[in-house]
Amino acid sequence: MPITLLKNATIVTGASVVKGTLGIEGELISGIWKETPNIPGAEVIDVDGCLVMAGGIDAHVHFREPGMTHKADIGSESLAAVLGGITSFIDMPNTAPPATSMEAIEWKLNRASETSSANYGFHIGATNSNAALIREYIDSGKGGMFGGIKVFMGSSTGDMLVDMDNVLEDLFQIKGKTILIHSEDEGMIKRNLAKAKEVYGDAIPFEAHPLIRSREACVKSTGKALELAVKYGTRLHILHVSTKEETTMIRDAKKTNPEITAETSANYLWFSDKDYTRMAGTLKCNPAVKSPDDRDALIEALANGTIDTIGSDHAPHLREEKLKPYLECPSGLPTIQQSLPAVLTIAMKNGIPLQRIASAFSEKAADIFGIIGRGYLQPGLFADIVVVDPEKEFIVGQPAYKCGWSPYEGCRMKGAVKMVWLNGSLVVNNGNPTKDHFSSRKEILFRSRSTDSTLTCTF
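Anchor point for the sequence shown: position 197 equals 203 in my numbering, and the numbering is continuous, going up by one each time.
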């Protein structure tokens, strides 16, 4: 098989940043060397000045298929993901119909096998009535077909709220899979919304969004989830953390239960509530973007490892929907194509080590969800690789999303994605998709995290 050597690469892993050469042979990484080996017939690509990282694993996307394909679909959004250096995604279950059964997961897997440009996987959704069914899937060996179990402790797009305490207790006792939570207290949000209507009527300003979807609602719900996870030893992954208080609570809870992990998105690291006046509905997401102090705390939590992963929470809506008044404007932001350069820009500005970015964008997600053969730069693993020019500045233009817009349009970033390999095939070159972008994807395979070995980059 032909061999490709990426020489003069700045190879970035969660463990180190080292100058060297990375080899690709067939679908796999064939080797990593400090010096470029003399391999007859090899194609040698000089990537001097560029970062070479494992392709991103985004475990938090909403590609809207089935049921909302006028906004987005697996084909369109997975191509945007690859253009942004994300080579694998795990899609959330709040579609129409929701993915709360194995039949729904299988439908999505079949659809992705036909249309996806990236490696694909799916989470199963919890309801007030399917905990026993999910446990049966895991016990029968079907757990390898889905990533984690998504629990909406606060309502969002899709009406999948789990609001019965006995059901939550049951779900948090499930073993062998990670519980992912959308963490906002529903009762508190409803009371806040009622108060806002009393003050503003139907003309609620978007600046009220972080008061309605308040920090107190996030803190209360996350506290409840952490208590349950400590009580039952749950593998708990807290999604889109948005407040300073939550970072402190999560850090402390990890000391008792190291199976607790946390995610934030670039949105909470880049924007703040000062941006609502300018952006209105194009910044409306759940949980709400909070204060500059919260943003600073999240940046610090990413730097010190309290935040384990970056998930885009890519959630497209049509531009005309986002221009509607507050009560009619849906929550969610399309961001997956900008996620990696946004976080790299933030990291370079704030002195966050590149090792932390490599860990958060691929390695920890592979560990948390038991992803087989991906997430690390390691010989013998699939060659999912992104090459980034860290000094290349650019202004975000119109993205590749089906909805045609992004909240990052017009933002200046560093860290342009130059090349992407997917299972050993070059699918993005000079920032553009190649003819192979549609034919190289594979289904993500999952295993129990308890059987994972620790992977590191060796030279």
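Ideal placement from N, C-alpha and C gives every residue a C-beta, glycine not left out.
| Asked | Found |
| --- | --- |
| Unbroken alpha helix (DSSP H) run spanning tryptophan 411, endpoints | Tryptophan 411 -> no alpha helix (DSSP H), and no H or E assigned at all. |
| Residue burial classification, threonine 351 (beta-carbon count within 10 angstroms, cutoff 16) | buried |
| Alanine 422 (DSSP reduced to helix, strand or coil) | strand |
| Leucine 461 to leucine 383 span [Cα, whole Å] | Residue placement at leucine 461 is poorly supported in this model, since its pLDDT is 34, which falls under 50; the coordinates are not used for a value here. |
| Range covered by the beta strand (DSSP E) that runs through serine 84 | Looking at the DSSP string, serine 84 is not in any beta strand (DSSP E); the run it does join, the alpha helix (DSSP H), is 80-89. |
| For glutamate 31, three-class secondary structure by DSSP | strand |
| Exposure label - arginine 380; buried when at least 16 CB within 10 Å | buried |
| Residue environment, glutamine 404, which counts as buried when at least 16 other CB atoms sit within 10 Å | exposed |
| Close beta carbons around aspartate 314, own chain, < 6 angstroms, minus the five adjacent residues each side | Thr267, Ala268, Lys370 |
| The region 68-77 touching the region 416-427, judged by at least three CB pairs closer than 8 angstroms | no |
| Chain-order list of residues whose beta-carbon lies under 7 angstroms from that of leucine 174 (same chain, five-residue window excluded) | Val168, Leu234 |
| For isoleucine 210 and alanine 202, the rounded distance between their alpha carbons | 7 angstroms |
| Three-state class that DSSP yields for histidine 320 in the structure shown | strand |
| Secondary structure of alanine 21, DSSP reduced to three states | coil |
| Pick from His246, Ala87, Asp395 that is closest to valine 433, judged by C-alpha positions | Ala87 |
| Close-in-space but distant-in-sequence residues of the same chain around proline 347 (CB under 6 angstroms, 5 per side omitted) | Met419, Gly421 |
| Beta-carbon gap between tyrosine 274 and proline 340 smaller than 8 angstroms | no |
| Rounded straight-line distance, which links the Cα of isoleucine 51 to that of isoleucine 96 | 31 angstroms |
| Separation of glycine 239 from alanine 272, as counted between CA atoms | 29 angstroms |
| Close beta carbons around alanine 389, own chain, < 7 angstroms, minus the five adjacent residues each side | Ile30, Glu33, Leu34, Ile35, Trp427, Asn429, Gly430 |
| Beta-bridge partners of histidine 243, as assigned by DSSP | Leu186, Thr267 |
| Contact between the region 241-250 and the region 293-310 (3+ Cβ pairs under 8 angstroms) | yes |
| Cβ-Cβ distance between isoleucine 92 and glycine 62 below 8 angstroms | yes |
| Residues near asparagine 198 by beta carbon distance below 8 angstroms, same chain, minus five either side | Leu217, Ile218, Arg219, Ser220, Ala223 |
| Leucine 11, DSSP secondary structure in three states | strand |
| Secondary structure of threonine 462, DSSP reduced to three states | For threonine 462, the predicted model reports a pLDDT of 33, less than 50, meaning its position is unreliable; a value from the coordinates is still stated below. In this structure, threonine 462 counts as coil in the three-state DSSP scheme. |
| Unbroken stretches of the alpha helix (DSSP H), 4 residues or longer, contained in the region 267-319 | 272-276, 282-285, 298-310 |
| At least 3 beta-carbon pairs within less than 8 angstroms: the region 100-114 vs the region 64-75 | yes |
| Nearest neighbour of threonine 253, chosen from Trp276, Val236, Gly229, Lys237 [CA to CA] | Gly229 |
| Glutamate 252 (DSSP reduced to helix, strand or coil) | helix |
| For glutamate 397, the nearest candidate out of Phe375, Ala353, Ile377, Ala366 (CA to CA) | Ala353 |
| Classification of glutamate 399 by the beta-carbon crowding that lies within 10 angstroms, buried from 16 upward | exposed |
| For valine 349, the three-state DSSP class (helix, strand or coil) | helix |
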